[in-house]
């Protein structure tokens, strides 16, 4: 095991950029923001490798946070057959194919652990991206210690602040992900592009999503780690911040919130 003080690199793969932070304990040693580059729809990580070779040399671990832009989700509502992981995987694959077509054939699916009588959550990420991250870590002698979808990371930190029934809106550059929760369970998801000016478009998208989820009377909570808090007009919502922790302050570190706070 690595000591807690071991240097690590956090890579946040956002909709519009790649954010890199090198940390020693809770101190930031280096940081960089890179533009997104695609080839045949696949994210290219060569510039990340070049940065790691210089500014990441000597780090021990690589942690990755992936924007909801690059993740597709599905909720498998509880039924007894979900207790069988093989059947659950087959069902998840069929569901993704029905929703997204042949594109889903190239996705790697991860299913949340079994909790009897609870829904199971499917997260799908391009298998080429996961392979590229594994190769990147290996090439730079880093342990790929975690690959976290942004929604799951944010929810895990804010779950205790949500009431029994809620809509959690996770706002990031170019993306809105709205999660419906009830009784501590994930009920449904709405994951859409959020174009600028985002503060004008957000109320309409939330209202549209609330209607489609049959949740018009459900309280709305918004977390936007890299954004200011604008006037949202008639949208009634409660703003939440990611909790402060050593090395991250939600007000002072907005620019690197997805690296340091997630």
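In the numbering used here, the protein residues as written are 1 to 262. Cβ coordinates follow ideal geometry from the N, Cα and C atoms, glycine included.
Straight-line Cα distance separating residue j from residue i
i           : j           : result
residue 99  : residue 151 : 20 angstroms
residue 44  : residue 91  : 31 angstroms
residue 3   : residue 221 : Residue confidence is low: residue 3 scores 46 on pLDDT, short of 50, so the model does not pin down where it sits. No coordinate-derived value is stated.
residue 42  : residue 68  : 16 angstroms
residue 165 : residue 77  : 17 angstroms
residue 192 : residue 102 : 20 angstroms
residue 232 : residue 133 : 38 angstroms
residue 260 : residue 241 : 13 angstroms
residue 1   : residue 194 : Note that residue 1 scores a pLDDT of 42, beneath 50, so its modelled location is shaky; the value from the coordinates is reported in the next line. Looking at the two C-alpha atoms, the distance is approximately 41 angstroms.
residue 160 : residue 238 : 14 angstroms
residue 38  : residue 223 : 28 angstroms
residue 131 : residue 204 : 37 angstroms
CB of residue i within 8 angstroms of CB of residue j, strictly
i           : j           : result
residue 20  : residue 48  : yes
residue 74  : residue 122 : yes
residue 107 : residue 137 : no
residue 64  : residue 154 : no
residue 169 : residue 176 : yes
residue 15  : residue 173 : yes
residue 11  : residue 62  : yes
residue 225 : residue 257 : yes
residue 171 : residue 202 : yes
residue 88  : residue 118 : no
residue 236 : residue 167 : no
residue 230 : residue 199 : yes
residue 206 : residue 178 : yes
Residue i: first and last residue of the uninterrupted alpha helix (DSSP H) it sits in
i           : result
residue 149 : Run containing residue 149: none in the alpha helix (DSSP H); it sits in the beta strand (DSSP E), 143-149.
residue 79  : Element bounds for residue 79: n/a, residue is neither H nor E.
residue 51  : 46-54
residue 317 : Look at the range of the chain in this structure, 1 to 262, and you will see that residue 317 is not part of it.
residue 138 : 127-139
Segment limits, beta strand (DSSP E) that includes residue i
i           : result
residue 258 : Where residue 258 is concerned, there is no enclosing beta strand (DSSP E), although the alpha helix (DSSP H) it sits in stretches over 257-260.
residue 216 : That residue, residue 216, is in no beta strand (DSSP E); it is neither H nor E in DSSP.
residue 14  : It is not in any beta strand (DSSP E) - residue 14 carries neither H nor E in the DSSP assignment.
residue 182 : 175-182
residue 61  : 61-66
residue 107 : 107-111
Beta-carbon proximity list for residue i, same chain, < 7 angstroms, skipping 5 on both sides
i           : result
residue 59  : 7, 8, 9, 22, 142
residue 243 : 157
residue 35  : 17
Close beta carbons around residue i, own chain, < 8 angstroms, minus the five adjacent residues each side
i           : result
residue 93  : 104, 109
residue 212 : 190
Local Cβ density within 10 Å of residue i, reported as buried at 16 or more and exposed below that
i           : result
residue 135 : exposed
residue 72  : buried
residue 13  : buried
residue 129 : buried
residue 188 : buried
residue 255 : exposed
residue 208 : exposed
residue 79  : exposed
residue 115 : exposed
residue 85  : exposed
residue 82  : buried
residue 253 : buried
Nonlocal neighbours in the same chain, by C-beta distance under 6 angstroms from residue i, ignoring five residues either side
i           : result
residue 140 : 52
residue 31  : 21
residue 158 : 240
residue 149 : 66, 71, 123
residue 196 : none
Residue-level contact to chain B via CB, residue i, 8 angstroms cutoff
i           : result
residue 252 : Protein chains in the displayed structure number just one, and chain B is not present.
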